[in-house]
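Q: Just so you know, we're using our numbering here: the sequence shown kicks off at 29 and counts up by one.
Glycine residues also receive a C-beta, built at the ideal position from the N, C-alpha and C atoms.
If you're wondering where the values come from, they're calculated on a predicted model, not measured in any experiment.
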Amino acid sequence: MEEEYESRRMRRWEELDTDILVRIFQKFSVFELTSGLAHVCRGWRAACCDPILWKTLNLSHMRSSFIKIPLEPYVYVERRSDEALTRILKLSMNLSGGNTRTLIFHFNLFLSDDQLTYTAERCPGLRRVVLPAWNRIKKTGICKAIRIWKDLESLTMPSIANPPYLLTEIAKNCKNFKELKIMGPFEVFFANTLITCLPNLKILSLRCSAIKREALVKILDGLQSLEVLNISHSHLVEYSSWQPQQKVIVRDLDKTIMEKTARLKRFLTCMEHKTCLMCQRTENDEGIVRWYKYEEGGWKVDEVSSLHL
C-alpha cells in the first residue's frame with residue numbers, strides 16, 4: 029500500500045495525461061497561459077499548444093494606457109503598454125500555431141499597424157474579428173490583414189470615415205462574409221458602400237449609434253439578403269427641410285420603415301429615450317457612445333447572440 033502511494037506521489041508532471049492538462053488550462057486566461065506555463069516542462073508545453081486553447085484569442089480585457097493628443101493619430105500610447113501588447117501577441121502566436129479562429133481586441137486597445145500585420149500573418153484562418161479603435165491602423169495595414177483572412181465571416185469594428193477601401197477588400201477576399209457590427213455613426217455614404225460591396229450581408233448591428241434615417245431606408249431597400257438588423261438604443265437622425273443644418277432626432281419608427289423591416293427574420297430595436305439607460309447614453313453622446321465613461325464591458329453587449337461577447 030505504501031509503495032503504491034509513493035508511486036502516485038512521485039509521479040512527474042510531464043507524465044500527466046495531456047488531455048487532463050488541457051482541461052485544466054482551459055480555465056486559464058491568455059495572460060496566465062503566456063506567463064510561463066509552457067516552460068515548466070515538455071508536457072506542459074504540449075498542453076499549452078493544444079488548438080482547443082487557442083480557438084479564441086480574447087484580449088478584450090487588455091486596454092492601452094494612453095493620453096489624447098491634438099494631432100494624428102490623436103492618441104499617444106505609453107511605451108510599456110505597447111510593449112506589453114507586443115509581448116502577449118508574440119507569445120500567443122507562438123503557442124497557438126495558427127489555430128485561432130476568433131480574435132477579440134478591446135474597444136480602447138490602440139493596435140499599431142505592425143502589431144496587426146504580425147497577428148494577421150500568424151492567424152490566417154480567422155473567421156471572426158473584433159477590431160479596436162482605428163487611430164494607429166493605416167489603410168495598408170488593414171487591407172493586408174483582410175487579404176490574409178480569406179475565411180473571415182464576421183467583423184465588429186468602429187465606424188470609419190472612408191469605408192470603400194475596407195469593404196471592397198472584404199468583398200474581394202472574404203467570400204463567406206455574412207456578419208457586420210459597426211460601433212459609431214452610420215451615414216448615407218456608409219450605407220451606399222455597404223449595398224455596393226456587400227449585397228449578400230445577412231446580419232447587421234448598428235446598436236448605440238446615430239443612424240441617418242435615409243441610410244436606414246437605403247439598407248432596408250438595398251440589402252435584399254439581410255435577415256437580422258439590430259438598431260437597439262440608437263437614434264434616427266434627419267435634417268429639417270426648411271433648416272438643412274438643423275438635426276432632428278426621430279422619436280418613433282414610421283410606418284414606411286416598419287413595413288420595410290417586416291421581411292426580416294429579426295428586427296431589434298429600442299428607442300425608449302425616457303426610460304432606457306442605454307438609449308439615454310446614446311443620445312447624450314450624440315451617437316458616438318463613449319464607452320470609457322461607463323461600466324467596463326458595455327461595448328461587448330449585443331442583442332444578436334452571434335455578436336455578443
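1) Would DSSP call M29 helix, strand or coil?
2) Taking only the alpha-carbon atoms, compute the straight-line gap between K118 and S260 and give it to the nearest angstrom.
3) Using three-state DSSP, classify V317 as helix, strand or coil.
4) Only counting the same chain, and skipping five residues up and downstream in sequence, which positions put a Cβ closer than 6 Å to that of P101?
5) According to the neighbour-count rule (16 or more other Cβ atoms, all chains shown, within 10 Å of its Cβ), is S57 buried or exposed?
6) K209: buried (16+ other C-beta within 10 angstroms of its C-beta) or exposed?
7) Helix, strand or coil: which one does DSSP assign to A238?
8) Over what stretch of residues does the alpha helix (DSSP H) that includes R107 continue unbroken?
9) Does the distance from the CB of V332 to the CB of S233 come in under 7 Å?
10) Applying the 10 Å Cβ sphere with the 16-neighbour rule, what's the burial state of I95?
11) Looking at the strands, I want to know which residues DSSP matches up with V157.
12) Select from C171, H134, V256, E314 the residue whose C-alpha is nearest the C-alpha of S334.
13) For M29, is the classification buried or exposed, using 16 other Cβ atoms within 10 angstroms of its Cβ as the cut-off for buried?
14) Mind listing, in chain order, the continuous alpha helix (DSSP H) runs of no fewer than 4 residues lying wholly within the segment 276-300?
15) Would a C-beta distance cut-off of 7 Å place E315 and S237 closer than the cut-off?
16) What does DSSP give as the partner residues of T258 in its beta bridges?
17) Note down, in chain order, each residue of its chain lying with its Cβ closer than 6 Å to the Cβ of T128, except the 5 sequence neighbours on either side.
18) Taking Y193 as the reference, which of F205, F218, P213, N204 has the closest Cα?
19) Does F138 come out as helix, strand or coil in the three-state DSSP assignment?
20) Which residues bound the beta strand (DSSP E) around Y267?
21) Is it buried or exposed, I116, if we count other Cβ atoms within 10 angstroms and call 16 or more buried?
22) Figure out for me which residue from A74, N258, V265 has the closest Cα to the Cα of S294.
23) Whole angstroms are fine: how far does the CA of K206 sit from the CA of T221?
24) Taking a contact to mean a Cβ-Cβ separation below 7 Å, would you say L137 touches M90 in this structure?
25) Alpha carbon to alpha carbon, what distance is there between A290 and S187?
A: Taking the coordinates as given:
1) The residue labelled residue 29 in the question sits at position 1 within the sequence shown. Since pLDDT at M29 reaches only 49, below the 50 mark, its modelled position is unreliable, and the value read off the structure follows with that caveat. When secondary structure is reduced to three states using DSSP, M29 falls in the coil class, being assigned neither helix nor strand.
2) Locating residue 118 in the sequence shown gives position 90, counting from the first residue. Locating residue 260 in the sequence shown gives position 232, counting from the first residue. Looking at the two C-alpha atoms, the distance is approximately 37 Å.
3) The count along the sequence shown starts at 1 and reaches residue 317 at position 289. V317 falls in the coil class under three-state DSSP.
4) Working through the sequence shown from its first residue, we reach residue 101 at position 73. If we look at P101 and ignore the five residues flanking it on each side, its Cβ neighbours are N163, R164.
5) Translated into positions along the sequence shown, residue 57 becomes position 29. Classification for S57: exposed.
6) For the purposes of this step, residue 209 is taken as residue 181 along the sequence shown, with counting starting at 1. The residue in question, K209, is buried, as its Cβ has 16 or more Cβ neighbours within 10 Å.
7) Indexing the sequence shown from 1 puts residue 238 at position 210. Here A238 sits in strand by DSSP.
8) Position 79 of the sequence shown, counting from 1, holds the residue named residue 107. Note, R107: alpha helix (DSSP H), 107-124.
9) Within the sequence shown, residue 332 is the residue found at index 304, counting from 1. Within the sequence shown, residue 233 is the residue found at index 205, counting from 1. Yes; because the gap between Cβ atoms is below 7 Å, this pair is in contact.
10) Position 67 of the sequence shown holds residue 95. So I95 ends up on the exposed side.
11) Indexing the sequence shown from 1 puts residue 157 at position 129. V157 pairs with L131, L183.
12) Walking along the sequence shown from the start, residue 334 turns up at place 306. Considering only alpha carbons, the answer is V256.
13) The residue given as residue 29 occupies position 1 in the sequence shown. Note that M29 scores 49 on pLDDT, short of 50, meaning its location in the model is unreliable; the coordinates nonetheless yield the value given after this. The residue in question, M29, is exposed, as its Cβ has fewer than 16 Cβ neighbours within 10 Å.
14) 283-289
15) On the sequence shown, residue 315 is found 287 positions in, with the first residue counted as 1. On the sequence shown, residue 237 is found 209 positions in, with the first residue counted as 1. The identity of residue 315 in the sequence shown is Gly, whereas the question assumes Glu. Against a cut-off of 7 Å, the Cβ pair of S237 and G315 comes out as a contact.
16) As a first step, residue 258 must be located in the sequence shown, where it is residue number 230. For clarity, residue 258 is Asn in the given sequence; the question names Thr instead. DSSP, once it has assigned bridges, lists S233, L296 as partnering N258.
17) As a position in the sequence shown, residue 128 is number 100, starting the count at 1. Here the set comprises W82, L85, C151.
18) Reading the sequence shown from its first residue, position 165 is the one you call residue 193. When each option's Cα is compared against that of Y193, the closest is F218.
19) Within the sequence shown, residue 138 is the residue found at index 110, counting from 1. Shown here, F138 sits in coil according to DSSP, grouped into three states, outside any helix or strand.
20) Here residue 267 corresponds to residue number 239 of the sequence shown, with the count starting at 1. Its beta strand (DSSP E) spans residues 263-267.
21) Taking the sequence shown and counting its residues from 1, the one referred to as residue 116 is at position 88. The residue in question, I116, is buried, as its Cβ has 16 or more Cβ neighbours within 10 Å.
22) Along the sequence shown, one-based indexing puts residue 294 at 266. Here residue 294 turns out to be Arg, not Ser, going by the sequence shown. Minimum Cα distance to R294 is reached at N258.
23) As a working note, residue 221 is residue 193 in the sequence shown. As a working note, residue 206 is residue 178 in the sequence shown. Approximately 15 Å between the Cα atoms of the pair.
24) Within the sequence shown, numbered from 1, the residue matching residue 137 stands at position 109. Within the sequence shown, numbered from 1, the residue matching residue 90 stands at position 62. Going by C-beta atoms, L137 is nearer than 7 Å to M90.
25) Residue mapping note: residue 187 aligns to position 159 of the sequence shown, counting from 1. Residue mapping note: residue 290 aligns to position 262 of the sequence shown, counting from 1. Rounded to the nearest angstrom, the two C-alpha atoms are 27 Å apart.
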